[in-house]
Amino acid sequence: LTPGNPKWKRNNLTYRILNYTPEMRRADVDEAIQKALRVWSNVTPLTFQKVEDGEADIMMSFVYGDHRDYSPFDGPGGMLAHAFQPGEGIGGDVHFDEDETWTKDGTGTNLFIVAAHELGHSLGLSHSNDPGALMYPTYSYTDPKEFLLPQDDIDGIQAIYGQSDAAVQPTGPVTPQPCDPSLTFDAITTLRGETIFFKGRYMLRKHPSRAETELNFISLFWPKLPSGIQAAYENVERDEVLFFKEDKYWVLRGYDIAPGYPKPIYRLGFPKTVKRVNAAYSDETTGKTYFFTADRYWRYDENKRSMDHGYPKKIVSHFGKIGRVDAAFQKDGYVYFFHGTTQFQFDPRAKRIVGQMKSISWFNC
Amino acid sequence: FPVAPEAEDERKTPKLVESYLQNFYDLQIDHQPRLRSTGENHLSAKLKEMQEFFGLQVNGKPDLDTLEMMQKPRCGVPDIGQYA
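Set out below in structure tokens:
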């Protein structure tokens, strides 16, 4: 919240787009701004009406460099935009830096994401230090189709204007905290010596020689990957990582998503009855990859590139009582299975569970 | 993965750090001749404030993680105080 708690006295606000960036179609700019306003009207009693002339509460414009508000822009990069807290005159206004390349997708600076952030300021919010929050100061691209207002931002704006009138109050994603004992994972894989833990639209990156865990948006490294990855594994020999979500998979070659993906998982040999993969790991000593679905597992031969016969089998028959597998990875000869907040260490040589830990044991909590 | 940028050459770092802290952490630069140490303490205190906000190692020094954060595209509104 902003010191002094500035807020609009009315809930029905007006806005006006004073000029348009030449880099986007007018209709796309209008759509991005409308979508950005809906981010806030969806979770509060606020309403926004567009006016075409005269003074509006929130005046939006695209400007270059020094535009006479004592806060000059700085050319491409750096500052992307700014907005003023609620108030008369310049209060509530939003200025976009025309030196940026404004786009409706991730190829340039996404107008929707920046506008939604700046409108947070226009309504009285300041910056959040939650790295997953919309009101975090630095820019992170998120596919507008996938955007969900994080809970941190919902809490902030509702502290100023109250809840929406909706019967069911909307909630938003919460940023994973590495040492939260209730933390569970969607998928885990190794990647060139590091271990990557996936949760929602986030990835927690653990490097063996660094004590702290790095939290990033998946889209920061792989904009083409969706959030909510359900399984992933590394084929060390081919220097590839495969990501799975629903009935599709993507291949990461080196650090980039290979062209032509996603492909259907049925190309790997799954029958059409399989709709998703819950977890996967690959044993580089045997060239066999294990896929986990519901209470069964499949074995895939990476050299023949086909499923082995006689599968699927019951998980419990080979791996013991580990229940449904949320995520799995292999490291230093052991396989680690994650089921909720529990982690099982499996020794493939002894063919049995040799350890049980908390899910967050890798984060030096 | 993007690796931390090579250490900026000495010339650019102070300018980058100073203008970032002026823009977003209300660092006041007065150009009176002052004891060098006083100015550095003031800058180091503001640097710690920025490092604290971003959950970086709070050491008051423009280390690589801090410089990397300073070079990320961002909103022009300061991270502390009002913006009216």
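Taken in order, these protein sequences are the chains called A and B. All letters in the first sequence, in the order written, are residues 1 to 365 by our numbering. All letters in the second sequence, in the order written, are residues 1001 to 1084 by our numbering. C-beta atoms are modelled at their ideal positions from N, C-alpha and C, and glycine is treated no differently.
Counting the other CB atoms within 10 Å of its CB gives A/Y281 a total of 16 or more, which places it among the buried residues. Residue environment for A/Y255: exposed (fewer than 16 other C-beta atoms within 10 angstroms of its C-beta). DSSP places A/V51 outside both helix and strand once states are collapsed to three, so it counts as coil. The Cβ neighbour count for A/L204, taken over all protein chains shown within 10 Å, is at least 16; the residue is labelled buried. According to the DSSP assignment, A/A258 belongs to no alpha helix (DSSP H), since it is labelled neither H nor E. Residues of the segment 284 to 298 of chain A that bring their beta carbon within less than 7 Å of a beta carbon in chain B are absent altogether. From the listed residues A/T273, A/N110, A/L149, the smallest Cα separation to A/Y139 is found for A/N110. Listed as beta-bridge partners of A/M357 by DSSP are A/Q343. In the displayed model, B/T1013 falls within a helix according to three-state DSSP. With contacts defined by Cβ atoms closer than 8 Å, A/V29 and A/Y15 do not form a contacting pair. Look at A/Y139: its C-beta is under 8 Å from a C-beta on chain B. A contact is defined here as three or more CB-CB pairs under 8 Å, and the segment 244 to 261 of chain A fails this definition with respect to the segment 301 to 320 of chain A.
If you draw a straight line from the Cα of A/K7 to the Cα of A/K331, it comes to about 53 Å. Against chain A, the CB of B/K1072 has a partner CB under 8 Å away; the residue lies at that interface. Using a CB distance below 7 Å, the part of the segment 76 to 88 of chain A facing chain B consists of G77, G78, M79, L80, A81, H82, A83, F84, Q85, G87, ordered along the chain. Judged by DSSP secondary structure, A/A56 falls outside any beta strand (DSSP E); it is assigned neither H nor E. Between A/T171 and A/Q158, the C-beta gap is not smaller than 8 Å, which leaves the two residues out of contact. Below 8 Å, too few C-beta pairs join the segment 193 to 209 of chain A and the segment 345 to 352 of chain A to call them touching: fewer than three. Near chain B, meaning a CB-to-CB distance below 9 Å, the residues of the segment 89 to 116 of chain A are I90, G91, H95, D97, E100, T109, V114. B/E1068 has its alpha-carbon roughly 25 Å from the corresponding atom of A/Y64. Neighbourhood of B/G1060 in chain A, by CB distance below 7 Å: empty, with the nearest CB roughly 18 Å away.
About 6 Å separates the CB atoms of A/K245 and A/G228; that is less than 8 Å, so the two are in contact. Contact of B/D1026 with chain A is not assigned, every C-beta pair being separated by 8 Å or more.
In terms of Cβ geometry, B/P1073 and A/G77 form a close pair [threshold 8 Å]. Residue pairing for A/A280: DSSP places it in a beta bridge opposite A/F291.
The contact set of A/E55 on chain B, defined by CB atoms closer than 8 Å, is empty, because the minimum CB distance reaches about 18 Å. The three-state secondary structure of A/F185, taken from DSSP, is coil. DSSP places A/D301 outside any alpha helix (DSSP H); the residue lies instead in the beta strand (DSSP E), whose first and last residues are 296 to 301.
Against B/D1079, the close residues of chain A are S126, H127, N129, P137, in the order they occur along the chain (beta-carbon pairs closer than 9 Å). Secondary structure of A/H82 (DSSP, three-state): strand. Just so you know, the alpha carbons of A/S164 and A/N42 end up roughly 7 Å apart. Between the segment 56 to 70 of chain A and the segment 126 to 143 of chain A there are fewer than three inter-stretch CB-CB distances shorter than 8 Å, so the stretches are not counted as touching. At a cut-off of 8 Å between beta-carbon atoms, A/E118 makes contact with chain B.
Assigned with DSSP and collapsed to three states, A/W250 falls in strand.
In the assembly as shown, B/L1064 is an exposed residue. Its beta-carbon has fewer than 16 other beta-carbons within 10 Å. In the three-state scheme derived from DSSP, where H, G and I count as helix and E and B as strand, A/R25 is classed as coil.
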